[in-house]
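Visitor: Right, I'll just put the structure down here and ask away after.
Number of protein chains: 2
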Amino acid sequence: MQDFTLHPRLVADTAFVTDWMLSRVLLMDDMRYPWVILVPRRPHLVELFDLTKPDRALLVEEIARAAQCLKTTSGATKINVGALGNQVPQLHVHVVARQDGDTAWPGPVWGHSPRVPYQAAARNAWIARFLNSS
Amino acid sequence: MQDFTLHPRLVADTAFVTDWMLSRVLLMDDMRYPWVILVPRRPHLVELFDLTKPDRALLVEEIARAAQCLKTTSGATKINVGALGNQVPQLHVHVVARQDGDTAWPGPVWGHSPRVPYQAAARNAWIARFLNSS
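Same order as they appear, the protein sequences are chains A and B. In terms of my numbering, the first sequence opens at residue 1 and continues consecutively. In terms of my numbering, the second sequence opens at residue 1001 and continues consecutively.
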């Protein structure tokens, strides 16, 4: 995995949470939504079909794990999962806990409005809670 | 799979393409984007973690297969994959071929603007091409 580097936009918009078997787990720095991003730690990935089949099986398990954790910790109405990459080509998967009535509801969070960063203490508390429940 | 029924909104917005091992494959009836929707043919699914692990592995392979086919047939800039479900709770996965400069670019297609239906002949031709290349 030595060639894996994170796209600068992902570095700028997120905080490191942990590394799972395949993916780096990032917290999107937007306090309006519990929102993690999974980035498979392999070089040169753009589309889902650039992964090997075993890595795809790992990725979908990690997406489900993140979704279950967000659902449990946030009591979300619905988990949204998306891999877009129109602006950041490096393969990354958003897993977002949505609440009926949140800022972008029922539309997608992507492209809706500028993010609202956490204060440091709240961000650290969020990360600790996620790690304890995933 | 006898309890599988398609949500009325999915029936209204799409055309049947085929059944793969796990998923019903639907064409979103919006001529602006090559866009398929995969619906796992199991009853009572809402979230990805409601599927069994073997079904999740199947689903991610079917998503990759649809994405590869759309990429090949459309020459898309980027494939967008999304499972939202804020308005249609039945688990379904969008696989959309995006072009730099399309109507919603670089934002998401979901919630952007009302769909523009195909004419019947064009829709049938699209389905035939997809079946031939997937």
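Beta carbons are placed, not taken as given, at the ideal position from N, Cα and C, and that holds for glycine.
Please list, in chain order, the chain A residues whose beta carbon lies closer than 9 Å to that of B/R1056.
Guide: Translated into the one-based positions of the second sequence, residue 1056 of chain B becomes position 56. A57, V60, E61, I63 and A64, listed in chain order.
Visitor: Tell me the rounded alpha-carbon separation between A/L45 and A/V93.
Guide: Counting from 1 along the first sequence, the entry for residue 45 of chain A is found at position 45. Counting from 1 along the first sequence, the entry for residue 93 of chain A is found at position 93. Computed Cα separation, rounded: 12 Å.
Visitor: Can you list, in chain order, the stretches of the alpha helix (DSSP H) that have 4 or more residues and sit fully within the segment 1081 to 1131 of chain B?
Guide: none
Visitor: What did DSSP end up calling A/V36 once you bin it into helix, strand or coil?
Guide: For the purposes of this step, residue 36 of chain A is taken as the residue at position 36 of the first sequence. If DSSP states are grouped into helix, strand and coil, A/V36 belongs with the strands.
Visitor: Of the residues that make up the segment 1077 to 1088 of chain B, which ones have a beta carbon closer than 9 Å to any beta carbon in chain A?
Guide: For the segment 1077 to 1088 of chain B, the residues whose beta carbon sits under 9 Å from a beta carbon of chain A are, in order, T1077, K1078, I1079, N1080, V1081, G1082, A1083, L1084, G1085, N1086 and Q1087.
Visitor: Any C-beta of chain B within less than 7 Å: which residues of the segment 103 to 131 of chain A qualify?
Guide: W105, P106, G107, P108, W110 and G111
Visitor: Spell out whether any CB of chain B is found under 8 Å from the CB atom of A/R32.
Guide: The count along the first sequence starts at 1 and reaches residue 32 of chain A at position 32. Chain B contact via Cβ: absent.
Visitor: Which residue spans inside the segment 1009 to 1058 of chain B form an unbroken alpha helix (DSSP H) run of at least 4?
Guide: Qualifying alpha helix (DSSP H) stretches: none in this window.
Visitor: Rounded to whole angstroms, what's the CA-CA distance from A/M21 to B/R1115? Just pull it up for me.
Guide: The residue given as residue 21 of chain A occupies position 21 in the first sequence. The residue given as residue 1115 of chain B occupies position 115 in the second sequence. Roughly 40 Å between the two C-alpha positions.
Visitor: For B/M1031, collect the residues of the same chain with a Cβ closer than 6 Å to its Cβ; drop the 5 residues on either side in sequence, then sort them by chain order.
Guide: As a first step, residue 1031 of chain B must be located in the second sequence, where it is residue number 31. V1116 and Y1118.
Visitor: By the criterion of Cβ-Cβ separation under 9 Å, what are the contact partners of A/Q99 in chain B?
Guide: Against the first sequence, residue 99 of chain A aligns to sequence position 99. Here the premise fails: no neighbours, minimum Cβ distance about 10 Å.
Visitor: Would you decide whether B/P1108 is buried or exposed? Buried here means 16 or more other CB atoms lie within 10 Å of its CB.
Guide: Taking the second sequence and counting its residues from 1, the one referred to as residue 1108 of chain B is at position 108. Under a 10 Å Cβ-count criterion, B/P1108 is classified as buried, with 16 or more other Cβ atoms of the shown protein chains found around its own Cβ.
Visitor: Based on Cα-Cα distance, which residue from B/I1037, B/V1060 and B/V1096 lies nearest to A/P54?
Guide: Your numbering for residue 54 of chain A matches position 54 in the first sequence. Nearest C-alpha to A/P54: B/V1060.
Visitor: Would you kindly work out how many angstroms separate the C-alpha atoms of A/Y33 and A/V95, rounded to a whole number?
Guide: Taking the first residue of the first sequence as 1, we reach residue 33 of chain A at position 33. Taking the first residue of the first sequence as 1, we reach residue 95 of chain A at position 95. Going by the C-alpha atoms only, they are around 10 Å apart.
Visitor: Whose Cβ in chain A lies nearer than 7 Å to the Cβ of B/A1012?
Guide: The sequence position of residue 1012 of chain B within the second sequence is 12, counting from 1. Going along chain A, no residue has its Cβ under 7 Å from B/A1012, so there is no contact; the nearest lies around 17 Å.
Visitor: Quick one: what's A/K78 bridged to in DSSP?
Guide: For the purposes of this step, residue 78 of chain A is identified with residue 78 of the first sequence, where counting begins at 1. In the DSSP output, where bridge partners are listed per residue, A/K78 has A/R98.
Visitor: Among B/N1080, B/V1017, B/L1010 and B/V1039, which residue has its Cα nearest to the Cα of B/S1134?
Guide: Here residue 1134 of chain B corresponds to residue number 134 of the second sequence, with the count starting at 1. Sorting B/N1080, B/V1017, B/L1010 and B/V1039 by C-alpha distance to the C-alpha of B/S1134 places B/V1017 at the top.
Visitor: Whose C-beta lies closer than 7 Å to the C-beta of B/L1058 among residues of the same chain, with five residues either side of it excluded?
Guide: Translated into positions along the second sequence, residue 1058 of chain B becomes position 58. So the qualifying residues of the chain are M1021 and L1022.
Visitor: On a Cα-Cα basis, can you pick out the residue from A/R41, A/P106, A/R9 and A/A128 that is closest to A/C69?
Guide: In the first sequence, residue 69 of chain A corresponds to position 69, counting from 1. Nearest to A/C69 by alpha-carbon distance, out of A/R41, A/P106, A/R9 and A/A128, is A/A128.
Visitor: Can you tell me the Cα-Cα spacing of A/W110 and B/V1039, whole angstroms?
Guide: The residue you call residue 110 of chain A lines up with position 110 of the first sequence. The residue you call residue 1039 of chain B lines up with position 39 of the second sequence. Straight-line Cα distance between these residues: approximately 23 Å.
Visitor: Which bits of chain A does B/T1045 rub up against, with CB to CB less than 9 Å?
Guide: The count along the second sequence starts at 1 and reaches residue 1045 of chain B at position 45. With the sequence shown as reference, residue 1045 of chain B is identified as Leu, and Thr is not the correct amino acid for it. Ordered by position in chain A, no residue passes the 9 Å Cβ test against B/L1045, which lies about 12 Å from the chain.
Visitor: Looking only at its chain, what residues have a beta carbon closer than 8 Å to the beta carbon of A/A83, apart from the 5 residues adjacent to it on each side?
Guide: On the first sequence, residue 83 of chain A is found 83 positions in, with the first residue counted as 1. Excluding sequence neighbours, A/A83 sits near L48, L91, H92, V93 and H94.
Visitor: Shorter than 8 Å from the beta carbon of A/F4 to some beta carbon of chain B?
Guide: Start at 1 with the first residue of the first sequence, and residue 4 of chain A comes out as number 4. Not one chain B Cβ lies under 8 Å of A/F4.
Visitor: Could you list which residues in chain B have their beta carbon closer than 9 Å to that of A/Q68, in chain order?
Guide: As a first step, residue 68 of chain A is located in the first sequence; it is residue number 68 there, counting from the start. What A/Q68 touches in chain B: E1047, L1048 and F1049.
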